[in-house]
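Asker: Numbering (the numbering used here), first residue to last: 21 to 429.
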Amino acid sequence: MIDITEARSYVLARCPAAAPIHVPCRQATGLVLAAAVVAAEDVPPFANSAVDGYAVVAASVASPPVDLPVVGEVAAGAHTDRVLQPGEAIRIMTGAPVPAGADAIVMVEDTERLDGGQRVRVRQSVAVGVAVRRAGDDVRVGAALYPSGTSVTPAVAGVLASVNAATVSVVPPARVAVLSTGDELVDDGSPLLPGQIRESNRTMLLGAVREAGCEAVDLGIVRDDEAELERVLRSAAETCDAVVTSGGVSMGDYDVVKAVLSRIADMRWMQIAIKPAKPFAFGLLATADGSRAVPVFGLPGNPVSSLVSFELLARPALRQMMGHPVIDRPLVAAIADDGLARRADGKTHYVRVFASFAADGRVHVRSVGAQGSHQLAATSQANAIAVLPDGEGVAAGADVPTLLLSLGR
Ligand code: AMP
Ligand code: MG
Numbered sequence: 021m022i023d024i025t026e027a028r029s030y031v032l033a034r035c036p037a038a039a040p041i042h043v044p045c046r047q048a049t050g051l052v053l054a055a056a057v058v059a060a061e062d063v064p065p066f067a068n069s070a071v072d073g074y075a076v077v078a079a080s081v082a083s084p085p086v087d088l089p090v091v092g093e094v095a096a097g098a099h100t101d102r103v104l105q106p107g108e109a110i111r112i113m114t115g116a117p118v119p120a121g122a123d124a125i126v127m128v129e130d131t132e133r134l135d136g137g138q139r140v141r142v143r144q145s146v147a148v149g150v151a152v153r154r155a156g157d158d159v160r161v162g163a164a165l166y167p168s169g170t171s172v173t174p175a176v177a178g179v180l181a182s183v184n185a186a187t188v189s190v191v192p193p194a195r196v197a198v199l200s201t202g203d204e205l206v207d208d209g210s211p212l213l214p215g216q217i218r219e220s221n222r223t224m225l226l227g228a229v230r231e232a233g234c235e236a237v238d239l240g241i242v243r244d245d246e247a248e249l250e251r252v253l254r255s256a257a258e259t260c261d262a263v264v265t266s267g268g269v270s271m272g273d274y275d276v277v278k279a280v281l282s283r284i285a286d287m288r289w290m291q292i293a294i295k296p297a298k299p300f301a302f303g304l305l306a307t308a309d310g311s312r313a314v315p316v317f318g319l320p321g322n323p324v325s326s327l328v329s330f331e332l333l334a335r336p337a338l339r340q341m342m343g344h345p346v347i348d349r350p351l352v353a354a355i356a357d358d359g360l361a362r363r364a365d366g367k368t369h370y371v372r373v374f375a376s377f378a379a380d381g382r383v384h385v386r387s388v389g390a391q392g393s394h395q396l397a398a399t400s401q402a403n404a405i406a407v408l409p410d411g412e413g414v415a416a417g418a419d420v421p422t423l424l425l426s427l428g429r
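(1) Count the other CB atoms within 10 Å of the CB of I292; is the residue buried (16 or more) or exposed (fewer)?
(2) My guess is that L88 and R139 are in contact by the Cβ rule of under 8 Å, so how many angstroms apart are they, rounded?
(3) Which residues bound the alpha helix (DSSP H) around T399?
(4) Take Q144 and list the residues in its own chain whose beta-carbon comes closer than 7 Å to its own, dropping the five residues that flank it on each side.
(5) Report the rounded CA-to-CA distance for G306 versus R34, giving the unit in angstroms.
(6) Going by the C-beta, is I284 closer than 7 Å to any heavy atom of the ligand AMP?
(7) Closer than 8 Å is the cut-off here; do at least three beta carbon pairs connect the region 329-342 with the region 157-171?
(8) Is T201 close to the ligand MG? I mean its beta-carbon at under 7 Å from any heavy atom of the ligand.
(9) Less than 7 Å separating the Cβ of G267 from some heavy atom of the ligand MG?
(10) Going along the chain, which unbroken runs of the alpha helix (DSSP H) with 4 or more residues stay wholly within the region 361-407?
(11) Check P214 in the structure and name its three-state DSSP category.
(12) Are there any heavy atoms of the ligand MG lying less than 7 Å away from the beta-carbon of G318, as far as the coordinates show?
(13) I want to know whether the region 252-261 touches the region 209-220 - three or more CB-CB distances under 8 Å.
(14) Taking 7 Å as the cut-off, does the CB of G321 come closer than this to any heavy atom belonging to the ligand MG?
(15) Is S220 near the ligand AMP - that is, is its Cβ less than 7 Å away from at least one heavy atom of it?
(16) Please name the residue in A356, A285, G310, Q391 whose C-alpha comes closest to that of F377.
(17) Can you tell me which of the three DSSP states K295 falls into?
(18) Can you check which of these residues, K298, T49, R153, is closest to G178 by C-alpha distance?
(19) To the nearest angstrom, how far is it from the Cα of R363 to the Cα of E412?
(20) What residue range does the alpha helix (DSSP H) around V252 cover?
(21) Count the other CB atoms, across all protein chains shown, that sit within 10 Å of the CB of T173; report buried if there are 16 or more and exposed otherwise.
(22) If you check the beta carbons only, do V52 and T187 fall under 8 Å apart?
(23) Alpha carbon to alpha carbon, what distance is there between C234 and D261?
(24) Which whole-angstrom value is the C-beta distance of L424 and A397, which I expect to be below 8 Å?
(25) Could you check if A124 is buried or exposed, using at least 16 other CB atoms within 10 Å of its CB as the buried criterion?
(26) Using the rule of at least 16 other Cβ atoms within 10 Å of the residue's Cβ for burial, across every protein chain shown, is D101 buried or exposed?
(27) When DSSP labels each residue in this structure, what does G209 get in the three-state scheme?
(28) Identify the continuous alpha helix (DSSP H) that holds M224 and give its terminal residues.
(29) Excluding sequence positions up to five away, which residues of its chain have a Cβ less than 6 Å from the Cβ of W289?
(30) Tell me whether E246, by its Cβ, gets closer than 7 Å to a heavy atom of the ligand AMP.
(31) Have a look at V71 and L427 and give me their C-alpha separation to the nearest angstrom.
(32) With DSSP run on the structure shown, which of helix, strand or coil describes P44?
(33) Check each candidate in F317, V76, F66 and name the one with the smallest Cα separation from V150.
(34) Looking at the strands, I want to know which residues DSSP matches up with T265.
(35) Return yes when at least one heavy atom of the ligand ZN lies under 7 Å from the C-beta of I217, else no.
(36) Just to confirm the assignment: which complete beta strand (DSSP E) runs, minimum length 3, are found wholly within the region 109-175?
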């Protein structure tokens, strides 16, 4: 058996970030910038009003109430050439350019229309600059906005649009093929014949792949047939950036996946000192023209093992391929409310737990119950994984390192 850190280093060393591409900023959310972005424009591009109201010279309304003639009007998207003089007001809408000469905006709530809008009564004084959003208040032209390696959130994409960064250089999303192997698997809803089970790993892994930010490609169930498996794997390598298989990597397995991958790819068959998910395979499958070596993740068939294996080994690698600065789930010291017992067996145990924030500001965890590698229903209740080093586990109330998959659900 090898250590999980050794397995992980082996995988990560063979999954470099993909070459950058250019995409419209509207398609960049969820991806990672491959080049720094410098602001090409000021935001806002001109001084504009933060409110609906009246542009004035602040000194003119120092002793309210003051009645001023309304000498013009400016809406968002319009502008006025009229230079405002002391003792005058110009009606102005939110986002409209502040007229030359004005140095503050009185909000409409502090005014009263007189003479059908010919004049306005200002009831409040304003300081110079009030409700004026200055040019460059948000972003200054030439500012170093985002370094390479920035994750594009919806807000980041919005800022890119605001500075007219129409296209940006990003690491592309990985296209990841997912397939299941096994003669026992059924996914067409038909009644189960003796020995058959419903296929479930592929459905789960397609979602996990998408949730990791990748494009998932469903390659279905491949029967335990060498020629068919080889054909599917080779074609996946041509069209995808990575392949995730489930099943056929454990010790006493009927050896189709092993036989085929050992022959056509540069594979390492691992027994990792973890529970669940001890068997795991990883390797590189070259494309026909030899131009690319596509990572293949051979996950175990037991559903919980498949999921944990994906979490610990495939997900970080796929995130690295997509340039993500953070490839791992957050690891926090949580409190094991009921304790988490185990026996020493030379392995690190990854116990599926439900985590929640408590009034003490700490994350608390409780086992979701059944921990068998075939018991996906219990694991589906988990939003975190407690990491128990070899030994006797942790006592009730003790700290346990915990990987947070999602909190707040
Ligand atoms: P294997 O790794 O192929 O030996 O499979 C280990 C266990 O996981 C067996 O009980 C399989 O029937 C089960 N299994 C394998 N693949 C899947 C799958 N795609 N969906 C559900 N169970 C599976
Ligand atoms: Mg199998």
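Just so it is clear, CB atoms sit at the ideal spot from N, CA and C, and this is done for glycine as well.
Answerer: Reading it off the structure:
(1) Translated into the one-based positions of the sequence shown, residue 292 becomes position 272. I292 should be labelled buried.
(2) Position 68 of the sequence shown, counting from 1, holds the residue named residue 88. Position 119 of the sequence shown, counting from 1, holds the residue named residue 139. Contact holds; Cβ gap of about 7 Å.
(3) Position 379 of the sequence shown, counting from 1, holds the residue named residue 399. T399 -> alpha helix (DSSP H) spans 396-399.
(4) In the sequence shown, residue 144 corresponds to position 124, counting from 1. So the qualifying residues of the chain are P84, V126, D130.
(5) What you label residue 306 is simply residue 286 of the sequence shown in a count that begins at 1. What you label residue 34 is simply residue 14 of the sequence shown in a count that begins at 1. Position check: residue 306 holds Ala in this sequence, whereas Gly was assumed. Straight-line Cα distance between these residues: approximately 13 Å.
(6) In the sequence shown, residue 284 corresponds to position 264, counting from 1. False, no ligand heavy atom lies under 7 Å from that Cβ.
(7) no
(8) Along the sequence shown, one-based indexing puts residue 201 at 181. Yes - the ligand MG has a heavy atom lying nearer than 7 Å to the Cβ of T201.
(9) Indexing the sequence shown from 1 puts residue 267 at position 247. Yes, the Cβ of G267 comes within 7 Å of a heavy atom of the ligand MG.
(10) 396-399
(11) Here residue 214 refers to the residue found at position 194 of the sequence shown. Looking at P214 - three-state DSSP - the assignment turns out to be coil, as it is neither helix nor strand.
(12) Reading the sequence shown from its first residue, position 298 is the one you call residue 318. Checking the Cβ of G318 against the ligand MG gives no.
(13) no
(14) Here the question's residue 321 lines up with position 301 in the sequence shown. Because some heavy atom of the ligand MG lies under 7 Å away, the Cβ of G321 counts as near it: yes.
(15) Along the sequence shown, read from residue 1 onward, the residue named residue 220 stands at position 200. Yes.
(16) As a first step, residue 377 must be located in the sequence shown, where it is residue number 357. Closest by alpha carbon: A356.
(17) In the sequence shown, residue 295 corresponds to position 275, counting from 1. DSSP places K295 in strand when its eight states are reduced to three.
(18) On the sequence shown, residue 178 is found 158 positions in, with the first residue counted as 1. Per the Cα distances, T49.
(19) Taking the first residue of the sequence shown as 1, we reach residue 363 at position 343. Taking the first residue of the sequence shown as 1, we reach residue 412 at position 392. For R363 and E412, the distance between alpha carbons rounds to 5 Å.
(20) Counting from one through the sequence shown, the residue named residue 252 turns up at place 232. Start and end: 246-259.
(21) By 1-based counting over the sequence shown, the position of residue 173 is 153. T173 comes out exposed.
(22) Reading the sequence shown from its first residue, position 32 is the one you call residue 52. Reading the sequence shown from its first residue, position 167 is the one you call residue 187. No, they are not a contact pair.
(23) What you label residue 261 is simply residue 241 of the sequence shown in a count that begins at 1. What you label residue 234 is simply residue 214 of the sequence shown in a count that begins at 1. About 10 Å.
(24) Here residue 424 corresponds to residue number 404 of the sequence shown, with the count starting at 1. Here residue 397 corresponds to residue number 377 of the sequence shown, with the count starting at 1. L424 to A397, Cβ: 21 Å. No contact.
(25) The residue you call residue 124 lines up with position 104 of the sequence shown. Under this definition A124 is a buried residue.
(26) Stepping through the sequence shown from its first residue, residue 101 is reached at position 81. Looking at its Cβ environment, which holds fewer than 16 other Cβ atoms inside 10 Å, D101 is exposed.
(27) The residue you call residue 209 lines up with position 189 of the sequence shown. If DSSP states are grouped into helix, strand and coil, G209 belongs with coil.
(28) Here residue 224 corresponds to residue number 204 of the sequence shown, with the count starting at 1. Where M224 is concerned, the enclosing alpha helix (DSSP H) stretches over 221-231.
(29) As a first step, residue 289 must be located in the sequence shown, where it is residue number 269. Only A301 meet the Cβ criterion.
(30) Taking the first residue of the sequence shown as 1, we reach residue 246 at position 226. False, no ligand heavy atom lies under 7 Å from that Cβ.
(31) Here the question's residue 71 lines up with position 51 in the sequence shown. Here the question's residue 427 lines up with position 407 in the sequence shown. When rounded, the distance between both Cα atoms is 39 Å.
(32) Position 24 of the sequence shown holds residue 44. Strand, per DSSP.
(33) Translated into positions along the sequence shown, residue 150 becomes position 130. Nearest option by C-alpha distance: V76.
(34) Numbered from 1 along the sequence shown, position 245 holds the residue referred to as residue 265. T265 is bridged to L199, G318.
(35) What this structure holds is the ligand AMP and the ligand MG, not the ligand ZN.
(36) 109-112, 124-127, 131-134, 139-142, 164-166
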